[in-house]
Amino acid sequence: MFENIATGFELFFTLGNILAITAGVCLGVVVGAIPGLTATMAVALALPFTFNLDPVTGILLLVGVYKGGVFGGSITAILIRAPGTPAAACTVLDGYPLAQKGQAGKALNMALYASCIADFLSNLSLIFFASLIAGLALAFGPPEYFWLICFSLTVVISISGSSLTKGLISGLLGLLTSTIGLDLVYGTQRFTYGNFNLMGGVSYIPLLIGLFALPEVIDFYVRKVAPFTVKAADRSRVTLAEFKGSLLSIIRGSFIGVIIGTIPGAGATAAAFLSYGEARRTAKSPETFGKGNVEGVAASEAGNNGVAGATLIPLLALGIPGDVVTAVILGAFMLQGLTPGPLMFQDNITIIYAIFIGIMLSSIVLLGSGKLAIRYFARIADIPRHILLPIVLMFCVFGSYAVQSQMFDVGVMLAFGVLGFIMMKINMAAAPFLMGFILGPLFEDNLRRSFLISEDILIFFRSPICWIFITITVFSLFVGIRRELRATRAKRDAIRASGAS
Amino acid sequence: MKISRRTIVGALGAASMLAFGTSAMAQDYPTKRITIIVPYSAGGATDILARQVADGLSKVLDETVTVENRPGAGATLGTTQAANARPDGYTLFMGQVSSHGIAPAVYKNLQYDPVADFAPIKLLMSIPNVMVVNKDSPFQTAGEFLEAAKAEGKTFGSSGVGSSIHLSGEMFKSRTGANMTHVPFRGSGEAVPALLAGDVDVMFDNLPSAMPHIESGALRALAVTTPERSPKLDGVPTLDELDIPELDGFAARSWFGLLAPSGTDAAVIATLSEALDQVIASEAFVNFADTRGADIEGGSPEEFSAFIASELASWKTVVDDAGVTVE
Numbered sequence: 001m002f003e004n005i006a007t008g009f010e011l012f013f014t015l016g017n018i019l020a021i022t023a024g025v026c027l028g029v030v031v032g033a034i035p036g037l038t039a040t041m042a043v044a045l046a047l048p049f050t051f052n053l054d055p056v057t058g059i060l061l062l063v064g065v066y067k068g069g070v071f072g073g074s075i076t077a078i079l080i081r082a083p084g085t086p087a088a089a090c091t092v093l094d095g096y097p098l099a100q101k102g103q104a105g106k107a108l109n110m111a112l113y114a115s116c117i118a119d120f121l122s123n124l125s126l127i128f129f130a131s132l133i134a135g136l137a138l139a140f141g142p143p144e145y146f147w148l149i150c151f152s153l154t155v156v157i158s159i160s161g162s163s164l165t166k167g168l169i170s171g172l173l174g175l176l177t178s179t180i181g182l183d184l185v186y187g188t189q190r191f192t193y194g195n196f197n198l199m200g201g202v203s204y205i206p207l208l209i210g211l212f213a214l215p216e217v218i219d220f221y222v223r224k225v226a227p228f229t230v231k232a233a234d235r236s237r238v239t240l241a242e243f244k245g246s247l248l249s250i251i252r253g254s255f256i257g258v259i260i261g262t263i264p265g266a267g268a269t270a271a272a273f274l275s276y277g278e279a280r281r282t283a284k285s286p287e288t289f290g291k292g293n294v295e296g297v298a299a300s301e302a303g304n305n306g307v308a309g310a311t312l313i314p315l316l317a318l319g320i321p322g323d324v325v326t327a328v329i330l331g332a333f334m335l336q337g338l339t340p341g342p343l344m345f346q347d348n349i350t351i352i353y354a355i356f357i358g359i360m361l362s363s364i365v366l367l368g369s370g371k372l373a374i375r376y377f378a379r380i381a382d383i384p385r386h387i388l389l390p391i392v393l394m395f396c397v398f399g400s401y402a403v404q405s406q407m408f409d410v411g412v413m414l415a416f417g418v419l420g421f422i423m424m425k426i427n428m429a430a431a432p433f434l435m436g437f438i439l440g441p442l443f444e445d446n447l448r449r450s451f452l453i454s455e456d457i458l459i460f461f462r463s464p465i466c467w468i469f470i471t472i473t474v475f476s477l478f479v480g481i482r483r484e485l486r487a488t489r490a491k492r493d494a495i496r497a498s499g500a501s
Numbered sequence: 001m002k003i004s005r006r007t008i009v010g011a012l013g014a015a016s017m018l019a020f021g022t023s024a025m026a027q028d029y030p031t032k033r034i035t036i037i038v039p040y041s042a043g044g045a046t047d048i049l050a051r052q053v054a055d056g057l058s059k060v061l062d063e064t065v066t067v068e069n070r071p072g073a074g075a076t077l078g079t080t081q082a083a084n085a086r087p088d089g090y091t092l093f094m095g096q097v098s099s100h101g102i103a104p105a106v107y108k109n110l111q112y113d114p115v116a117d118f119a120p121i122k123l124l125m126s127i128p129n130v131m132v133v134n135k136d137s138p139f140q141t142a143g144e145f146l147e148a149a150k151a152e153g154k155t156f157g158s159s160g161v162g163s164s165i166h167l168s169g170e171m172f173k174s175r176t177g178a179n180m181t182h183v184p185f186r187g188s189g190e191a192v193p194a195l196l197a198g199d200v201d202v203m204f205d206n207l208p209s210a211m212p213h214i215e216s217g218a219l220r221a222l223a224v225t226t227p228e229r230s231p232k233l234d235g236v237p238t239l240d241e242l243d244i245p246e247l248d249g250f251a252a253r254s255w256f257g258l259l260a261p262s263g264t265d266a267a268v269i270a271t272l273s274e275a276l277d278q279v280i281a282s283e284a285f286v287n288f289a290d291t292r293g294a295d296i297e298g299g300s301p302e303e304f305s306a307f308i309a310s311e312l313a314s315w316k317t318v319v320d321d322a323g324v325t326v327e
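Residue numbers (the UniProt record's numbering), protein chains in the order written: chain X, 1 to 501; chain P, 1 to 327.
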């Protein structure tokens, strides 16, 4: 074994590999930061460059791009409320309010620290527990998945903002929107009105950009805020106390990410929201979440970066690509004549070790290149709003168009922008909408798949995993609703008391 | 306006100049960047093949060839855009079994005509589908599986409605009358774990995605769906060669080929066809196909046209028998 590790080191320590991983991470951060260009697309675009590289170098380049991309998404989420990647949508919730308070630097740095720590922990899990937790990927059949989604949906309670009722309405609207398109089992068209562009459903990224970024732009022009406000240069940093306070959330978020990442198809977005929901649920003052709590940024970034290393677990241990990114990486392996899976651990163990070493290094490279990116990107927050917002609008249009080169998607973005603006005006949180939209298809697919596999309803109670998720779903509902009701009552009492005095 | 003879002569002259102009252009072809439209997202099997072809064509034609992904609506969106592209030889399309075989049979409101809107260039590569069960399954042969499926009902997984994986299963089901329930997933990446875990009983997966699991012993291959055995899986029989009358002549596979929008100059098609012959004969491409368990095809544009016609007809039969349609 030690001999193999030594050979792995030898394989890894070449200038080419170190350059590849550094270039990959930097490219990923920049591409990830551009709304509409996701980490997934960045990896796919980088793929052809690996054709002529050696296996380790090529794979490390792709992994670097992916990891950089996942963090990069948070930069624009915090600065201009336009999540660069879907997984960064949750970072908007507390990141953008911080930026509005002039503390963009603090939010960005916290996002970076959380990302790097989560990435590191995720990598460690990959290296030491891959064979142990790879089984999770297979243990999650449709019924188990169904309950996992049920549990994830309870997070809507935590991200509803000021009103639980409005949050639920928002979540249900999201669920409803997700039913547009062809249904999974029979291919029936739902709510497409014969429109060809809607057959594949409402596109994810235009919806995301419309819902989050565009309302800010509309609001600026509607309210006609004084245009010439130039903020003092932002020098905010994460204090040691803040870092310590968030550490528990970061670690918890990382492991939520690891588990979600191991299960094929669940995705970084859900992990970020779950981690955020948990952080808020266990916080001493949950009411500060959503208003610029730096712990919220830490939790969501830990959640989505925790996924990054873990998605490689089912790929390397079982040969199963859990998402599009790992499918591309699988493609890259196969182009090199390597087949990920149990056999690779026997036949090409030195390559695996070399890749592991590179992956560990990528967390450190991410810290460095992230610091550099923040230094330059943070200046965006200092640009006067009347100059910045038209540029944001341009990026909204560009990002929506870039996904499929479709003008229709720009229309989708504008439509959801108007919806988002109305929701903002009536104080209805947009995050539950997004949760509903993402989880809706997973909820429906797995419910229907379970019934296709067995007509017996007992299939939903077939395994301990089912029971675990049923229990925590009920618990989370009960605790969540009780606390929200108490908070509402307290607020009402306070208003009544101030009215009486 | 009165049309004088001179005008007519002038117009004819101009027209012939134009005609001459285009053929002169065809001789120069290519003079600028060529784009291959892929109707799926980056990273999928079609995309990776297209990038390999683009790389090869760039070298042979000495001109940049790029891939553009236009995913959506089960590949029909990108295909429609390719059908409507300018037929100048600078926009090509990576067609496959879905766009030019299955989709026309499944979707009733398709926005393109797979025959009239396209000028086929070359069939590039085909992939057998393989009937696989997991290692703990009691079935050692396709015959045993069929008997059990007729008696008690089985489930088969697929990467989605209308995929070749789904319709191979439907083809098996409609020919044999086996009692099989289709359980669709979103992509092979989700379907294969369900098969490994035993949540579905069988799958007619594309060979490249099943191959690693067959090699590692996690999945057992019962049969391949092509008329001939796959060189990658010598020991695995074809469905056709089993002594089951209902399965005689069973042929289902995934394939990929390059097409241009119809109306593209014949000289351009010929240039591309020759260039593609060089691409698929190259060592890089042979390696590429080999690592995927794919068979390299080839042949003339006319042969590809005839192949598409036969594919359209055979999938239509399966779809009609199985009753899979999207209105």
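For each residue, glycine too, the CB sits at the ideal point set by N, CA and C. Predicted model, so just to flag it, every value in this text is computed and none were measured.
Quiz prompt | Inter-stretch contact (C-beta, 8 Å, three-pair minimum) for the region 295-305 of chain P and the region 71-86 of chain P | solution = The region 295-305 of chain P, when compared against the region 71-86 of chain P, does not touch it at the 8 Å Cβ threshold.
Self-check item: Under 7 Å by beta carbon: chain P residues contacting ARG190 of chain X
Solution: Correct list: empty, because the minimum Cβ distance to chain P is about 11 Å.
Quiz item: Which residues in the same chain as ASP29 of chain P place their Cβ atom closer than 7 Å to its Cβ, once the five residues preceding and following it in sequence are excluded?
Solution: Residue identity check: residue 29 of chain P is Tyr in the sequence provided, not Asp. If we look at TYR29 of chain P and ignore the five residues flanking it on each side, its Cβ neighbours are GLY89, VAL268 and THR271.
Self-check item: Residue burial classification, SER254 of chain X (beta-carbon count within 10 angstroms, cutoff 16)
Solution: Taking all protein chains in view, the Cβ of SER254 of chain X is crowded by 16 or more other Cβ atoms within 10 Å, so the residue is classified as buried.
Quiz item: In chain P, which residues lie with their C-beta within 7 Å of the C-beta of PRO48 of chain X?
Solution: Scanning chain P for C-beta atoms nearer than 7 Å to the C-beta of PRO48 of chain X yields ARG51 and ASP55, reported in chain order.
Exercise. Please list the partners that THR155 of chain P has in chain X, where partner means a Cβ-to-Cβ separation under 7 Å.
Key: For the C-beta of THR155 of chain P, the chain X residues within less than 7 Å are, from N- to C-terminus, LEU452 and ILE453.
Exercise. Output, in sequence order along the chain, the residues in the region 213-239 of chain P whose CB is closer than 7 Å to any CB in chain B.
Key: Note that chain B does not occur in the displayed structure, where the protein chains are X and P.
Quiz prompt | Separation of ALA289 of chain P from SER126 of chain P, as counted between CA atoms | solution = Spanning the alpha carbons of SER126 of chain P and ALA289 of chain P requires a straight line of approximately 9 Å.
Quiz item: Nearest to LEU182 of chain X by alpha carbon, out of X:LEU176, X:PHE191 and X:GLY174?
Solution: Across the set X:LEU176, X:PHE191 and X:GLY174, the C-alpha of X:PHE191 shows the shortest separation from the C-alpha of LEU182 of chain X.
Quiz item: Which same chain residues, not among the five before or five after ILE280 of chain P, have their C-beta less than 7 Å away from its C-beta?
Solution: Contacts found: LEU124, ILE296 and GLY298.
Practice problem: From the DSSP output, in three-state form, read off LEU86 of chain X for me. | Solution: It should be noted that the sequence gives Pro, not Leu, for residue 86 of chain X. It is helical.
Exercise. Name the residue from X:THR7, X:ALA6, X:GLY28 and X:GLU10 whose alpha carbon lies nearest to the alpha carbon of SER363 of chain X.
Key: Closest option to SER363 of chain X, Cα to Cα, is X:GLY28.
Self-check item: Residues of the region 175-186 of chain X whose Cβ lies closer than 9 Å to any Cβ of chain P, in chain order
Solution: Taking 9 Å as the Cβ-Cβ cut-off against chain P, the residues of the region 175-186 of chain X that qualify are GLY181, LEU182, ASP183, LEU184, VAL185 and TYR186.
Quiz item: If you pair each beta-carbon of the region 78-88 of chain X with each one of the region 380-393 of chain X, do three or more pairs fall below 8 Å?
Solution: Touching, yes, given that three or more Cβ pairs across the two stretches are closer than 8 Å.
Self-check item: Per DSSP, cross-strand counterpart(s) of LYS122 of chain P
Solution: Beta-bridge pairing links LYS122 of chain P to P:LEU258.
Self-check item: Under the three-state DSSP convention, the category ILE127 of chain P falls into
Solution: In this structure, ILE127 of chain P counts as strand in the three-state DSSP scheme.
Quiz item: If the cut is a Cβ gap below 7 Å, which residues of chain P does ARG449 of chain X touch?
Solution: The answer, in chain order, is VAL183.
Quiz prompt | 7 Å Cβ shell around THR141 of chain P - same chain, five flanking residues per side excluded | solution = Counting only Cβ-Cβ distances below 7 Å, and skipping sequence neighbours, we find LEU222.
Quiz item: Across which residues does DSSP place MET203 of chain P in a beta bridge pair?
Solution: Bridge partners of MET203 of chain P according to DSSP: P:VAL132 and P:GLY157.
Quiz item: Can you tell me where the alpha helix (DSSP H) with PHE289 of chain X in it begins and where it stops?
Solution: Per DSSP, PHE289 of chain X belongs to no alpha helix (DSSP H) and is neither H nor E.
Quiz prompt | Inter-stretch contact (C-beta, 8 Å, three-pair minimum) for the region 305-322 of chain X and the region 244-258 of chain X | solution = With a cut-off of 8 Å, the region 244-258 of chain X and the region 305-322 of chain X count as touching, because enough Cβ pairs lie within range.
Quiz item: Quick one, which residues of the region 84-107 of chain P are near chain X if we go by CB-CB under 9 Å, in chain order?
Solution: Look at the region 84-107 of chain P: the residues with a C-beta under 9 Å from a C-beta of chain X are VAL106 and TYR107.
Self-check item: Start and end residues, beta strand (DSSP E) containing GLN96 of chain P
Solution: 91-96 is the span of the beta strand (DSSP E), which, as asked, contains GLN96 of chain P.
Quiz item: Helix, strand or coil: which one does DSSP assign to ARG253 of chain P?
Solution: Taken through DSSP and simplified to helix, strand or coil, ARG253 of chain P comes out as strand.
Exercise. Select from P:PRO138, P:PRO245, P:ALA178 and P:PHE307 the residue whose C-alpha is nearest the C-alpha of ILE121 of chain P.
Key: Comparing Cα positions, the closest option is P:PHE307.
Exercise. Go ahead and pull the three-state DSSP assignment for ALA289 of chain P.
Key: DSSP, reduced to helix, strand and coil, places ALA289 of chain P within a helical segment of the structure shown.
Exercise. Just list the alpha helix (DSSP H) runs in the region 406-431 of chain X, keeping only unbroken ones of 4 residues or longer that don't cross its boundaries, in chain order.
Key: For the region 406-431 of chain X, whole alpha helix (DSSP H) runs of length 4 or above, ordered along the chain, are 407-425.
Quiz item: What are the boundary residues of the beta strand (DSSP E) that LEU222 of chain P is part of?
Solution: Start and end: 219-224.
Quiz item: For SER23 of chain P, is the classification buried or exposed, using 16 other Cβ atoms within 10 angstroms of its Cβ as the cut-off for buried?
Solution: At SER23 of chain P the pLDDT is 49, less than 50, meaning the model places this residue with poor confidence; the figure from the coordinates comes in the next sentence. SER23 of chain P should be labelled exposed.
Exercise. Taking LEU98 of chain X as the reference, give the member of X:GLY440, X:SER249 and X:VAL238 with the closest Cα.
Key: Of X:GLY440, X:SER249 and X:VAL238, the residue nearest in Cα terms is X:VAL238.
Quiz item: Got a sec: is the Cβ-Cβ distance from GLY194 of chain X to anything in chain P below 8 Å?
Solution: For GLY194 of chain X, the nearest beta carbon of chain P is closer than 8 Å to its own beta carbon.
Exercise. Consider the Cβ of PRO321 of chain X: report whether some Cβ of chain P lies at a distance smaller than 8 Å.
Key: Answer yes: the Cβ-Cβ gap between PRO321 of chain X and chain P drops below 8 Å somewhere.
Exercise. Please confirm if GLU170 of chain P has its CB atom under 8 Å from at least one CB of chain X.
Key: With 8 Å as the cut-off, GLU170 of chain P does not count as an interface residue toward chain X.
Quiz item: Should PHE228 of chain X be flagged as near chain P, meaning a C-beta pair shorter than 8 Å?
Solution: Low confidence applies to PHE228 of chain X: its pLDDT is 48, below 50, so where it sits in the model is not reliable, and the reading given next is rough at best. The C-beta of PHE228 of chain X comes no closer than 8 Å to any C-beta of chain P.
Quiz item: Run through DSSP, which three-state label would LEU182 of chain X get?
Solution: Strand.
Quiz item: Could you give the distance in angstroms between the alpha-carbon of VAL479 of chain X and the alpha-carbon of ARG462 of chain X?
Solution: Looking at the two C-alpha atoms, the distance is approximately 26 Å.
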